[in-house]
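Have a look at the structure below before the remarks.
Residue numbers (this note's numbering): 653 to 858.
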């Protein structure tokens, strides 16, 4: 605590072996960026940017519908390695290593909606599946709405419609919620369903 009447805003230079030590805003040591104010903000921002870049490629792999165990093998070296830290303490006689996992809550990111099978319109009587996914930790739960009413709250993001009717055509909205951060995002898709005669006339026109 400085109790002097005249506050000294500029500190004298720190000398080491007769040379002035350079003053920097941040310094990277053993993979960790240490800020001048001794906070983690610079390091976390850097790690988040790096993780977002790697998540892009992981999302591309996910769109190919690879099995979850195989996706996990890609996740561990690319994402998990950014979130796991290790501290080693040693002396001339022994050493001890301790691991601590840092849990980062985020998301949901931008929702991705897909229709299977993918086509411009569906015919009455078809069976189809709507899928809604978004990155986040923990995994965001999905809920589908149609006509202002919830029609699926399983949380998986998949909505199966068998023997679809023309009355089921319209705008479907998917809302994803992160239970921990309480953040949510929504996205809608227009589903076109026609009767057999309507579908035939559309095919003739095209």
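All C-beta atoms in this analysis are idealised placements derived from N, C-alpha and C, irrespective of residue type, glycine included.
Since I believe residue j is in contact with residue i (beta carbons under 8 Å), could you give me their beta-carbon distance rounded to a whole number of angstroms?
i           : j           : result
residue 841 : residue 765 : 5 Å
residue 845 : residue 821 : 3 Å
residue 787 : residue 711 : 7 Å
residue 707 : residue 731 : 7 Å
residue 760 : residue 836 : 7 Å
Considering only the alpha carbon of each residue, which of the options lies closest to residue i?
i           : options            : result
residue 757 : 690, 816, 703      : 703
residue 777 : 744, 770, 816      : 816
residue 831 : 803, 824, 791      : 791
residue 802 : 688, 834, 669, 824 : 824
residue 888 : 789, 799, 847, 684 : Because the chain spans 653 through 858 in this model, residue 888 falls outside it and cannot be assessed.
residue 772 : 688, 843, 669, 673 : 843
residue 848 : 750, 826, 733, 818 : 818
residue 734 : 690, 672, 696      : 696
Should residue i go down as buried or exposed, given a rule of 16 or more other Cβ atoms within 10 Å for buried?
i           : result
residue 794 : buried
residue 828 : buried
residue 782 : buried
residue 705 : exposed
residue 811 : buried
residue 856 : The predicted position of residue 856 is uncertain, since its pLDDT is 43 and thus under 50; a value taken from the coordinates is nonetheless stated next. Exposed, because fewer than 16 other Cβ atoms sit within 10 Å of the Cβ of residue 856.
residue 763 : buried
residue 721 : exposed
residue 664 : exposed
residue 692 : exposed
residue 796 : buried
residue 785 : buried
residue 667 : exposed
residue 654 : Confidence at residue 654 is low in this model, with a pLDDT of 47, below 50, so its placement is unreliable and the value that follows should be read with caution. Looking at its Cβ environment, which holds fewer than 16 other Cβ atoms inside 10 Å, residue 654 is exposed.
residue 774 : buried
residue 799 : exposed
residue 804 : buried
residue 670 : exposed
residue 683 : exposed
In the DSSP output, what is residue i paired with across the bridge?
i           : result
residue 696 : In DSSP, residue 696 forms no bridge with anything.
residue 676 : BP columns for residue 676 are empty, so no partner.
residue 822 : 843
residue 664 : Answer by DSSP bridge pairing: none, since residue 664 is not bridged.
residue 684 : 681
residue 837 : 828
residue 671 : 668
residue 813 : 780
- Query: Which parts of the stretch 734-811 are runs of the alpha helix (DSSP H), unbroken and 4 residues or longer, counting only runs that do not cross its ends?
  - Reply: The stretch 734-811 contains no whole alpha helix (DSSP H) run of 4 or more residues.
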